[in-house]
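Number of protein chains: 2
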Amino acid sequence: MPINAQILDNPKSDRVRHIADLTRTKGRERSGRFLIEGPQSVREAVTWRPDVVRDLYVEVSQALEHPRIISSALEKIVETSQDATIYVHYCTGDVMHRISPDAQGIAAVGNAESMHAGADDVELGKNGRAPQIAVFWQVRDPGNAGTVIRAADAAGCDAVLFVDDCVDVLNPKVIRSTAGSLFHLPVLAMSTDEFFTWTGDHNLDVWAADVYGTEERKPESLPAVLADKAAVEAPKAVLFGNEARGLEPDILTRCGRIVSIPLYGKAESLNLGTSAAVMLMSLSMSGHVERM
Amino acid sequence: MPINAQILDNPKSDRVRHIADLTRTKGRERSGRFLIEGPQSVREAVTWRPDVVRDLYVEVSQALEHPRIISSALEKIVETSQDATIYVHYCTGDVMHRISPDAQGIAAVGNAESMHAGADDVELGKNGRAPQIAVFWQVRDPGNAGTVIRAADAAGCDAVLFVDDCVDVLNPKVIRSTAGSLFHLPVLAMSTDEFFTWTGDHNLDVWAADVYGTEERKPESLPAVLADKAAVEAPKAVLFGNEARGLEPDILTRCGRIVSIPLYGKAESLNLGTSAAVMLMSLSMSGHVERM
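Residue numbers (UniProt numbering), protein chains in the order written: chain A, 1 to 292; chain B, 1 to 292.
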C-alpha cells in the first residue's frame, strides 16, 4: 500500500537512539519500555498482546515514486495492528538498522509494566486440561530462557514462572528465542518463597526436574512417572534448576517429587532447553492419551 | 605433573597454521584431518575413539620453574590418552589461542577417514533394545546437526544418519554442539536412495517426523503412536527434514509412517533440535516402560 506518513530517516535522532537503547537493561529501566524485534515476534505481539504494544516501526523502500513497506508479510502485520491503539511509524533501512540489526524490517516498542503478569493473571487448567506450570530457578542465559518459554508454550502450560535471580525476560535475546511464545502465555517472576506459597495456595504439586536428587531421596525416572496416570493428571508445577548448578538441596527437599530424564546412550546430560522440552511435552502427551 | 617435552611457542609456525586451518572445509579436505576443541569433546574422543585421535595439544603455564598443564582436568585427559598411540604436544597460551579460540586449553587432531563410519559399522539393537536410528535429511546448520547427534545419543539410538546434502559433521561447530556425543555412536552420511535401500535390507520401518504429511496421508499424532506397543517396539529409522523446508512429498510417500508432535499451546512449531529430542526420547522412554 502507498504510504503517506512522514518517514523517519535520521538514524542519529534522539527518538531512534532511545529505541535502540532498549536493547540494554539501563535503557529499559529508565523508560519502562522494551523492544520487540523481527516479523515473528512483532506479529505474535500485535496478534496476542496488542495491549502491550505502543509503537510499531516498519521499514519502507523509497526506490519507487511512492514509498512502500518492504514486504507483504510486514504489510500484513501493520494491518493486524490497526485494530488496536498502536502508532505506526515508517522508517528508512538506515534507521531500522540503527534500531536493531536483528529487526528484519520491523520492530515494536512495548510497555514493560503491562507485560509483567501478576500471579492473579494465571488461569489454571484452561481447556479442561490438568493445570501445568513450567518453573525455572536462576536461569541466567537469555537463549535458554527463550527456549524454555517456547517449550512451555508448545506443551500447553498455563504459565511460566522465573524464580529467584533470573535473566530479564524483556531482554531482546530472550524475546527473539521465544519465537513469539512470550506473548502466548503469562510469564511471571517471583522469589523462591513466593513460589512455594503460591503453589501451596493453588494446590499444585511441585516436581523438581533433577538428575541427582538428595541424599535421602533419589529421583524417580520420568517414564515410570509417565506410566502413573494419577501423577500425570495431577495439577503441578515442574521446576527446573540453573544451567550449571541445577537445584539446591534445600529447594529439592521442599518438592513433592524429584523426577529425572533417563539417558539411554553415553551422553552425560541434556541441556536445559532440551530437558524442559522433553519433560513438559512428554507429560502433556501422556495427559492427552487414554492409556490402555 | 612437571613437563619436560619441548613446548610449542610460535603461533606463526607452519605446524600451528596447519592445525588452525582444520576449522575450514578446505583445510580438512587437503589434510584428511579434523580438529576437536575443548575439554569435553577431547575427553570423549580419547575415551571412546582413541583410534581416531592422532595428536593432542595441551596448554601449559610457564609461570613456575617447571611448566605445568594449566588444570588438573586437562592433566587427566592427557593421562587417559596415554593408553593409545596419541602424540601429546605442549604449547603456550598464544599457540593454543591460534589453534582455536574455543579450545579452553586443549585440542586434538583426528583422522577424518577413521571417523567416517561405514554402514557395516552399525550394530542394531544393542543391549536388547529395539533398533532405533535417527536420520536427518539436508540438515544445514552446524549447531542443529550437533544438537540432534546429542539427542540421538541420549535416546540410545544405534546410529545417526545424515542423508543427502547435509553439513559436514567434522565441522568444529558441529563437534562442539554434540558435547562429545559424536564419539559415542556411529554417524554415517549417505544418499536418499542408499538410505531407503539400507533400511530395507535391515528390515527397519522408516518413520517420517513431519507436521503436514502429504495430501493423501495426514500425520499420526505422536502420543497415539506411543500408546501402540507394537509400533514403539518395531525396529525403526526416524527421519527428520530440513530446518526450513521439512521433508519433500516424494520422500514422505516412501515412509511407512508419518508422525507429528502435537502442539498444545499457541506455539507454531518446535525447532529441529527440540523436535528430535522430544520424538526420540519419548519413543525410547515408551520402549523402556512396561505399560499396564
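Built from N, CA and C at the ideal position, the CB exists for glycine as well.
State yes or no: is the beta carbon of B/Y212 nearer than 8 Å to at least one beta carbon in chain A? Reading the second sequence from its first residue, position 212 is the one you call residue 212 of chain B. Chain A, which has no Cβ nearer than 8 Å to the Cβ of B/Y212, makes this no.
Which runs of the alpha helix (DSSP H) spanning at least 4 residues fall entirely within the region 6 to 40 of chain A, listed in chain order? Those alpha helix (DSSP H) runs which fall completely within the region 6 to 40 of chain A and span 4+ residues are 14 to 20 and 25 to 31.
What does a CB cutoff of less than 7 Å around A/I99 pick up in its chain, not counting 5 residues either side in sequence? Here residue 99 of chain A corresponds to residue number 99 of the first sequence, with the count starting at 1. These residues qualify, in order along the chain: V16, I19, A20, Y57 and A107.
Neighbour flag for A/L170 against chain B, beta carbons, 8 Å: Within the first sequence, the letter at position 170 stands for residue 170 of chain A. Not an interface residue.
Where residue 294 of chain B meets chain A, residues with beta-carbon distance less than 7 Å: Chain B is shown only over 1 to 292; residue 294 of chain B falls outside these bounds and no answer can be derived.
Could you pull the start and end residues of the beta strand (DSSP E) that B/S260 belongs to? On the second sequence, residue 260 of chain B is found 260 positions in, with the first residue counted as 1. For B/S260, the enclosing beta strand (DSSP E) has its first and last residue at R257 to S260.
Indicate whether A/P235 and A/D205 have their beta-carbon atoms separated by less than 8 Å. Indexing the first sequence from 1 puts residue 235 of chain A at position 235. Indexing the first sequence from 1 puts residue 205 of chain A at position 205. In this structure, A/P235 places its C-beta atom within 8 Å of the C-beta atom of A/D205.
Compare the C-beta of A/M292 with all C-beta atoms of chain B and state if any pair is closer than 8 Å. By one-based count along the first sequence, residue 292 of chain A stands at place 292. Residue confidence is low: A/M292 scores 34 on pLDDT, short of 50, so the model does not pin down where it sits. Its coordinate-derived value is still stated next. Cβ-Cβ to chain B under 8 Å: yes for A/M292.
Does DSSP put B/L111 in a helix, in a strand, or in coil? For the purposes of this step, residue 111 of chain B is taken as the residue at position 111 of the second sequence. Strictly speaking, residue 111 of chain B in this sequence is Asn, with Leu absent from that position. The DSSP-derived three-state label of B/N111 is strand.
Got a sec: does the ligand ADP put a non-hydrogen atom nearer than 7 Å to the Cβ of A/F183? In the structure on display, the ligand ADP does not appear, and there are no ligands present to speak of.
A/A63 - DSSP class collapsed to helix/strand/coil: In the first sequence, counting from the first residue as 1, residue 63 of chain A sits at position 63. A/A63: coil per DSSP, three-state reduction.
Can you find a C-beta in chain B that's less than 8 Å from the C-beta of A/D153? Within the first sequence, the letter at position 153 stands for residue 153 of chain A. At least one CB of chain B lies nearer than 8 Å to the CB of A/D153.
Straight-line Cα distance separating A/H97 from A/P104: Here residue 104 of chain A is taken as the residue at index 104 of the first sequence, counted from 1. Here residue 97 of chain A is taken as the residue at index 97 of the first sequence, counted from 1. According to the sequence provided, residue 104 of chain A is Gln. The question's Pro does not apply to it. Put simply, the backbone Cα of A/Q104 is about 8 Å away from that of A/H97.
Note down, in chain order, every chain A residue with its Cβ under 7 Å from the Cβ of B/G156. Position 156 of the second sequence, counted from the start, is the residue given in the question as residue 156 of chain B. By Cβ distance, chain A contributes Y264 and G265.
Other residues of its chain near A/R257: CB distance less than 6 Å, five sequence neighbours each side excluded: The residue labelled residue 257 of chain A in the question sits at position 257 within the first sequence. Taking A/R257 as the centre and dropping the five residues before and after it, the same chain places the C-beta of W207 closer than 6 Å to its C-beta, in chain order.
Which residues of the region 166 to 199 of chain B have a Cβ closer than 8 Å to any Cβ of chain A? Give them in chain order. The residues in question are A179, G180, S181, H184 and L185.
Reducing DSSP to helix, strand and coil, say where B/A179 ends up. Translated into positions along the second sequence, residue 179 of chain B becomes position 179. Three-state DSSP puts B/A179 in coil, outside helix and strand.
Cβ separation of A/A209 and A/M279, assumed to be a contact under 8 Å, to the nearest whole Å: Indexing the first sequence from 1 puts residue 209 of chain A at position 209. Indexing the first sequence from 1 puts residue 279 of chain A at position 279. Sure, about 5 Å apart at Cβ, within 8 Å.
Since B/D153 and A/A267 should fall inside the 8 Å C-beta cutoff, what is the C-beta to C-beta distance between them, to a whole number of angstroms? To locate residue 153 of chain B, count along the second sequence from 1; it is residue 153. To locate residue 267 of chain A, count along the first sequence from 1; it is residue 267. Right, the Cβ-Cβ distance comes to about 4 Å (below 8 Å), so this counts as a contact.
Find the residues of chain A that neighbour B/H288, judging by a C-beta separation of less than 8 Å, and give them in chain order. Your numbering for residue 288 of chain B matches position 288 in the second sequence. Within 8 Å Cβ-Cβ: P223, P262 and Y264.
Chain B contact for A/M115 (CB, 8 Å cutoff): As a working mapping, residue 115 of chain A is identified with position 115 in the first sequence. For A/M115, the answer is no, since every Cβ of chain B falls outside 8 Å of its Cβ.
On the DSSP letters alone, give me the boundaries of the alpha helix (DSSP H) that A/V78 sits inside. One-based indexing of the first sequence puts residue 78 of chain A at position 78. Counting along the chain, the alpha helix (DSSP H) containing A/V78 begins and ends at S72 to S81.
Would you mind working out which of B/D164, B/T92 and B/D55 sits nearest B/N10, comparing C-alpha positions? Taking the second sequence and counting its residues from 1, one reaches residue 10 of chain B at position 10. When B/D164, B/T92 and B/D55 are compared, the shortest CA-CA separation from B/N10 is found for B/T92.
Where do the N-terminal and C-terminal ends of the beta strand (DSSP E) with A/A209 fall, by residue? Taking the first sequence and counting its residues from 1, the one referred to as residue 209 of chain A is at position 209. Where A/A209 is concerned, the enclosing beta strand (DSSP E) stretches over D205 to A209.
What residues from chain B crowd round A/S284, counting only those whose CB sits closer than 7 Å? If you number the first sequence from 1, residue 284 of chain A lands on position 284. The contacting residues are Y264.
Alpha carbon to alpha carbon, how far is B/T80 from A/L35? Give it in angstroms, no decimals. For this step, residue 35 of chain A is matched to residue 35 along the first sequence. For this step, residue 80 of chain B is matched to residue 80 along the second sequence. Rounded to the nearest angstrom, the two C-alpha atoms are 50 Å apart.
Within its chain, find whatever has a CB closer than 8 Å to the CB of B/H184; leave out the 5 residues flanking it on each side and keep chain order. Numbered from 1 along the second sequence, position 184 holds the residue referred to as residue 184 of chain B. For B/H184, where only same-chain residues beyond five positions count, the Cβ hits under 8 Å are E44, W48 and D153.
Alpha carbon to alpha carbon, how far is A/E65 from B/G143? Give it in angstroms, no decimals. Your numbering for residue 143 of chain B matches position 143 in the second sequence. Your numbering for residue 65 of chain A matches position 65 in the first sequence. Roughly 43 Å separates the two Cα atoms.
Option in B/A63, B/Y90, B/A84 and B/T85 with minimal Cα separation from B/E75: Locating residue 75 of chain B in the second sequence gives position 75, where the first residue counts as 1. The shortest Cα separation from B/E75 among B/A63, B/Y90, B/A84 and B/T85 belongs to B/Y90.
Cross-strand partners of B/A189 (DSSP beta bridge): Along the second sequence, read from residue 1 onward, the residue named residue 189 of chain B stands at position 189. DSSP output for B/A189 lists B/F162 as bridge partner(s).
Determine the chain B residues that contact A/A277 at a beta-carbon separation under 8 Å, and present them in chain order. Within the first sequence, residue 277 of chain A is the residue found at index 277, counting from 1. What A/A277 touches in chain B: L270, T274, A277 and V278.
Between the alpha carbons of B/M285 and B/R129, how many angstroms are there, rounded? The residue given as residue 285 of chain B occupies position 285 in the second sequence. The residue given as residue 129 of chain B occupies position 129 in the second sequence. Each residue's Cα considered, the two are about 11 Å apart.
How big is the Cα-Cα spacing for B/L170 and B/R33? Your numbering for residue 170 of chain B matches position 170 in the second sequence. Your numbering for residue 33 of chain B matches position 33 in the second sequence. In a straight line, the C-alpha of B/L170 is about 9 Å away from that of B/R33.
Going by DSSP in three states, A/V52 sits in which element: helix, strand or coil? The residue you call residue 52 of chain A lines up with position 52 of the first sequence. Looking at A/V52 - three-state DSSP - the assignment turns out to be helix.
Does A/M281 come within less than 8 Å of chain B when only Cβ atoms are used? Locating residue 281 of chain A in the first sequence gives position 281, where the first residue counts as 1. For A/M281, at least one C-beta of chain B is nearer than 8 Å to its own C-beta.
If contact is defined by three or more beta carbon pairs under 8 Å, each pair taking one atom from either stretch, is the region 151 to 166 of chain A in contact with the region 135 to 142 of chain A? Touching, per the Cβ criterion.
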